[in-house]
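Residue numbers (UniProt numbering): 1 to 112.
Glycine included, C-beta positions come from ideal geometry on N, C-alpha and C.
Nothing here was measured: the structure is a model prediction, and the numbers come from that model.
Only one structure is covered here, and it is reproduced in the block below.
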Amino acid sequence: MKISNEAQIIIDESPNKVELEAALEKINGLLRAQKIQPTELQWTILINHINEMIKRSKAGEKMAVVDPAMFEEVSKEALRMADKVVQLIGNLPQDEMYVLSIHFEAARQNEE
1 MKISNEAQII IDESPNKVEL EAALEKINGL LRAQKIQPTE LQWTILINHI NEMIKRSKAG
61 EKMAVVDPAM FEEVSKEALR MADKVVQLIG NLPQDEMYVL SIHFEAARQN EE
């Protein structure tokens, strides 16, 4: 996992650093299993998103509802990985899975 200085700062300054690092380790494993390699910028954006997801989970906040139909073109693999991360973090609505899946789908397309 190649991360930028900016991404490392997000991790280091997170009030949920332990949970964030655990989630990132899980995500890295999921991505490697699918042979997906996000760019440094994609990692930075993903790390920030995961950090915010953990904050919402702990605060019991819910994001805006999304229409699953908007995500019909996202691969099953990206949705499956996102679902595993949402389950790992816990206390999040299923809508989070759809939004998170976009990160995995974008990184998946790096290879194409």
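Quick one, are the C-beta atoms of residue i and residue j less than 7 Å apart?
i: Ser4; j: Thr44; result: yes
i: Leu30; j: Met97; result: no
i: Asn16; j: Ile54; result: yes
i: Leu79; j: Ser57; result: no
i: Arg108; j: Ile47; result: no
i: Gln34; j: Glu77; result: yes
i: Ser75; j: Glu111; result: no
For residue i, count neighbouring C-beta atoms within 10 Å of its own C-beta (all shown protein chains included) and say buried if the count is 16 or more, exposed if not.
i: residue 113; result: The chain is shown only over 1 to 112; residue 113 falls outside these bounds and no answer can be derived.
i: Arg32; result: exposed
i: Ile10; result: buried
Output needed for residue i: all residues of its chain with C-beta closer than 8 Å, excluding positions within five of it in sequence on either side, in chain order.
i: Ala64; result: Asp95
Quick one: residues in its chain with C-beta nearer than 7 Å to the C-beta of residue i, no 5 flanking neighbours on either side, listed in chain order?
i: Asn28; result: Met1
Counting only the same chain and skipping the five closest in sequence on each side, list residues whose C-beta sits under 6 Å from that of residue i.
i: Ser14; result: Leu20 and Asn51
* Output the residue ranges of the alpha helix (DSSP H) runs that lie fully inside the segment 29-62 and measure 4 residues or longer, sorted by chain position. => 40-59
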